[in-house]
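Number of protein chains: 2
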Amino acid sequence: MHMRAVMLGFGHVGRALARLLLRKAEVLRTDYDLTVTVTGLATHSHGLAINPEGLDLAGALALVERGERLDALHVGSPVTDTLSLIERCPADLVLEATWLNPHTGQPATDYVRAALQAGRHVVTANKGPVAFAYRELQALAAERGLGFFFESTVMDGAPVLSVGREGLLATTIQRIRGILNSTTNFILTRLEEGTPFAEALAEAQAIGVAEADPTTDLEGWDAAVKIVVLANVLMGADLRPADVERTGITGVTVADAQQAIQAGERIKLLCEAVRDGAQVRASVRPVRLPFADPLCQVSRTSSAVTFQTDTLHELTIVEGDTDPTTTAYGMLVDLINIARGRHRLA
Amino acid sequence: MHMRAVMLGFGHVGRALARLLLRKAEVLRTDYDLTVTVTGLATHSHGLAINPEGLDLAGALALVERGERLDALHVGSPVTDTLSLIERCPADLVLEATWLNPHTGQPATDYVRAALQAGRHVVTANKGPVAFAYRELQALAAERGLGFFFESTVMDGAPVLSVGREGLLATTIQRIRGILNSTTNFILTRLEEGTPFAEALAEAQAIGVAEADPTTDLEGWDAAVKIVVLANVLMGADLRPADVERTGITGVTVADAQQAIQAGERIKLLCEAVRDGAQVRASVRPVRLPFADPLCQVSRTSSAVTFQTDTLHELTIVEGDTDPTTTAYGMLVDLINIARGRHRLA
Numbered sequence: 000m001h002m003r004a005v006m007l008g009f010g011h012v013g014r015a016l017a018r019l020l021l022r023k024a025e026v027l028r029t030d031y032d033l034t035v036t037v038t039g040l041a042t043h044s045h046g047l048a049i050n051p052e053g054l055d056l057a058g059a060l061a062l063v064e065r066g067e068r069l070d071a072l073h074v075g076s077p078v079t080d081t082l083s084l085i086e087r088c089p090a091d092l093v094l095e096a097t098w099l100n101p102h103t104g105q106p107a108t109d110y111v112r113a114a115l116q117a118g119r120h121v122v123t124a125n126k127g128p129v130a131f132a133y134r135e136l137q138a139l140a141a142e143r144g145l146g147f148f149f150e151s152t153v154m155d156g157a158p159v160l161s162v163g164r165e166g167l168l169a170t171t172i173q174r175i176r177g178i179l180n181s182t183t184n185f186i187l188t189r190l191e192e193g194t195p196f197a198e199a200l201a202e203a204q205a206i207g208v209a210e211a212d213p214t215t216d217l218e219g220w221d222a223a224v225k226i227v228v229l230a231n232v233l234m235g236a237d238l239r240p241a242d243v244e245r246t247g248i249t250g251v252t253v254a255d256a257q258q259a260i261q262a263g264e265r266i267k268l269l270c271e272a273v274r275d276g277a278q279v280r281a282s283v284r285p286v287r288l289p290f291a292d293p294l295c296q297v298s299r300t301s302s303a304v305t306f307q308t309d310t311l312h313e314l315t316i317v318e319g320d321t322d323p324t325t326t327a328y329g330m331l332v333d334l335i336n337i338a339r340g341r342h343r344l345a
Numbered sequence: 000m001h002m003r004a005v006m007l008g009f010g011h012v013g014r015a016l017a018r019l020l021l022r023k024a025e026v027l028r029t030d031y032d033l034t035v036t037v038t039g040l041a042t043h044s045h046g047l048a049i050n051p052e053g054l055d056l057a058g059a060l061a062l063v064e065r066g067e068r069l070d071a072l073h074v075g076s077p078v079t080d081t082l083s084l085i086e087r088c089p090a091d092l093v094l095e096a097t098w099l100n101p102h103t104g105q106p107a108t109d110y111v112r113a114a115l116q117a118g119r120h121v122v123t124a125n126k127g128p129v130a131f132a133y134r135e136l137q138a139l140a141a142e143r144g145l146g147f148f149f150e151s152t153v154m155d156g157a158p159v160l161s162v163g164r165e166g167l168l169a170t171t172i173q174r175i176r177g178i179l180n181s182t183t184n185f186i187l188t189r190l191e192e193g194t195p196f197a198e199a200l201a202e203a204q205a206i207g208v209a210e211a212d213p214t215t216d217l218e219g220w221d222a223a224v225k226i227v228v229l230a231n232v233l234m235g236a237d238l239r240p241a242d243v244e245r246t247g248i249t250g251v252t253v254a255d256a257q258q259a260i261q262a263g264e265r266i267k268l269l270c271e272a273v274r275d276g277a278q279v280r281a282s283v284r285p286v287r288l289p290f291a292d293p294l295c296q297v298s299r300t301s302s303a304v305t306f307q308t309d310t311l312h313e314l315t316i317v318e319g320d321t322d323p324t325t326t327a328y329g330m331l332v333d334l335i336n337i338a339r340g341r342h343r344l345a
């Protein structure tokens, strides 16, 4: 099977995906009888390029890493914006990893909708389209027989959504609990170690975990968006991020974190979705968890999720330290699973 | 889709599966358009029964729980042994959960082979056929377009093998580490709490975790069989349980366990499979793990596995306390996944 893919976004994750596609080309062919060419590429500040015969991906990486534009790679009449590229570029699948506004889910939601309407499968690393428009986009995909997968939206490339799709069948998920935001988890770990909040935040920014504007993380917005993705996709809820009862970690001090440790507990920014009759309630808040809780030992930039179901008492998935490659890997797995039809008979 | 299933073994796991099939019948129909009838049932000491129209499963449960035989449910000429039942009973799939000899993998391996040769899909909860004959049985299944799934052989119904099949694609698993045996993990936890070995073992037997003859668990044989399943299926190895470097826990004392705790560590019976050039080496032995290791906090009858791969640095799956229903659930998930064709395009 041959897949023509369009890539939207060529930041850390997009470029890591491009490198994975090059590095894994041989394995894709051998193990899955799959070849992939990238026919279109939309970047934030290095221009757009289409080549129906396949872009030179190594060349695109080199250009962007030198700070140059992709214009030399483009074939055909000029293309000036991402939506036109989605519509015009011959492709079977769109790989979406653009910048996200966490309060609106845009522009990623519009990109995903346009891609599905143009008959392309979609793989996105963006939480926004799923948190703000899952039912609409999934219905659109199903109606057209297309795949709409987004493993990398929660816990990077760790198989969380595929476990829901392939492992937690014919079961009722009663509760989901998670440590889903790296910035806050890193800061909470550093507070335990005696580092004051402002310094811990600066460290998180220095290692590239926290954004220059860390508000989205610190106030629990990123975590809220992720628990909404899990609740809507795996528990049949229809929540929006604003529905989540949300408290951030800005009130937590070194003294709080160390007192918890003395008591055999750790403060964690816990995301929860709980079935309550026909409803699902979701919350994000700092809580003290006992050491024996599988979520308690998830430190620094690790993340984890626990499912409680009517057939498995407790299933926990923990992901160790992550980087852009682990996120990109989730997108690669989604691509393979769409290529082999895992979106059918879901 | 309609599936006719034969059940082999009607002990704790087999009966829990029968109850799940009854309890989940409506969900199977609604969510997967799937109906299941059990056309044959082979028990260890309550006889065998075939009914091509479908056995009364609730009736079979009631008979066996009253200590009676299944003879009244049987239709047609007498059937006296399990292999004849496999061959004669009209069925699409065999659900295998019989007693296992962990040193030979029999008689389960013969049952699985006979079922595949008779053109039946196979779901087994038995480690034996996988640890002793995976390549042969998988080749036989593939050749005939049949499914051969065995999620419940390792960590009960936790999605470990399906994560390998659906989530860890196009990756190289470099190392697998696991806490895979409940009896030894329960005893090690009780040693930490100050309970002497013999008493801890008696407790494990009293709650039904340990067998009357606990040697297989204590000497690491059960753990060795499980790490062989993981190594052979997920790392492409071709090991047998006797190839595993194996040390049991009979030498571990309360003093050892408590000294480890003082040092911020726990003694665990660690299963490991490590890629070493073209080889895979496997071991089972008690080791001290630091508290921060995700496997360290896995206590009592919980179990866990960590994968290190070239694309995900560290992925851990932890299963909380288990019972026969969690094992049976893994078999139900395998059945659904075979019904929807997940054994194709593996």
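Chains as they are written, first to last, in numbering that gives the first Met the number 0: chain G, 0 to 345; chain E, 0 to 345. Ideal Cβ positions, reconstructed from N, Cα and C, are used throughout, including at glycine.
Amino acids of chain A, ordered along the chain, whose beta-carbon sits closer than 7 Å to that of residue i
i     : result
G:L27 : The displayed structure is made up of protein chains G and E, and chain A is not among them.
Which of helix, strand or coil DSSP assigns to residue i
i      : result
G:M6   : strand
E:T108 : helix
G:Q258 : helix
E:Q116 : helix
G:F290 : coil
E:L190 : helix
G:D32  : coil
E:K126 : helix
G:F196 : helix
G:A41  : strand
G:P285 : strand
G:D320 : coil
G:I337 : helix
G:H11  : helix
G:I49  : strand
Counted within 10 angstroms of its Cβ, other Cβ atoms place residue i as buried (16 or more) or exposed
i      : result
G:A277 : exposed
G:E271 : buried
G:H43  : exposed
E:W220 : buried
E:G53  : exposed
G:G8   : buried
E:M0   : exposed
G:N184 : buried
E:G163 : buried
E:V74  : exposed
G:H102 : exposed
E:N100 : exposed
E:G127 : buried
G:I175 : buried
G:I85  : buried
E:L21  : exposed
E:P89  : exposed
E:F290 : exposed
E:T182 : buried
The ligand SAM heavy atom lying under 7 Å from the CB of residue i
i      : result
G:H312 : Among the components modelled here there is no ligand, and therefore nothing to report on the ligand SAM.
Spatial distance of residue i from residue j (CA atoms)
i      : j      : result
G:T170 : E:Y31  : 12 Å
E:T36  : E:D91  : 10 Å
E:G146 : E:I49  : 23 Å
G:V373 : G:V304 : It is not possible to answer for residue 373 of chain G, since the shown part of chain G is limited to 0 through 345.
G:D322 : G:W98  : 17 Å
G:A61  : G:L233 : 40 Å
Beta-ladder partner(s) of residue i, from DSSP
i      : result
G:D237 : In the DSSP output, where bridge partners are listed per residue, G:D237 has none listed.
G:D70  : G:D70 pairs with nothing; no bridge assigned.
E:V273 : E:R174 and E:R280
G:S302 : G:E318
G:T308 : G:I172
G:F147 : G:V121
Determine which residues of the stretch 234-256 of chain E have a Cβ less than 9 Å from any Cβ of chain G, and write them out in chain order.
Correct list: empty, as no residue qualifies.
Chain-ordered residues of the stretch 12-26 of chain G with a beta carbon less than 8 Å from chain E:
Answer set for the stretch 12-26 of chain G: L19, K23 and V26.
Closer than 7 Å, Cβ to any Cβ of chain G: which residues of the stretch 299-318 of chain E, in chain order?
Only those residues of the stretch 299-318 of chain E whose C-beta falls short of 7 Å from the nearest C-beta of chain G are listed: T310, L311, H312, E313, L314, T315, I316, V317 and E318.
Residues in the stretch 284-300 of chain G with C-beta within 9 Å of chain E's C-beta atoms, listed in sequence order?
Those would be F290, A291, D292, P293, C295, Q296, V297 and S298, in chain order.
Interface positions of the stretch 74-93 of chain G facing chain E (Cβ-Cβ less than 8 Å), listed along the chain
Against chain E - using a Cβ distance shorter than 8 Å - the stretch 74-93 of chain G contributes no residues.
When you check each C-beta in the stretch 149-162 of chain E against every C-beta of chain G, which residues fall closer than 7 Å?
Residues passing the 7 Å Cβ filter: G156, A157, P158, S161 and V162.
Got a sec: which bits of the stretch 323-341 of chain G sit with their beta carbon under 8 Å from any beta carbon on chain E, in order along the chain?
T324, T325, Y328, L331, V332, I335, N336, R339, G340 and R341: these are the residues of the stretch 323-341 of chain G whose beta carbon lies less than 8 Å from some beta carbon of chain E, given in chain order.
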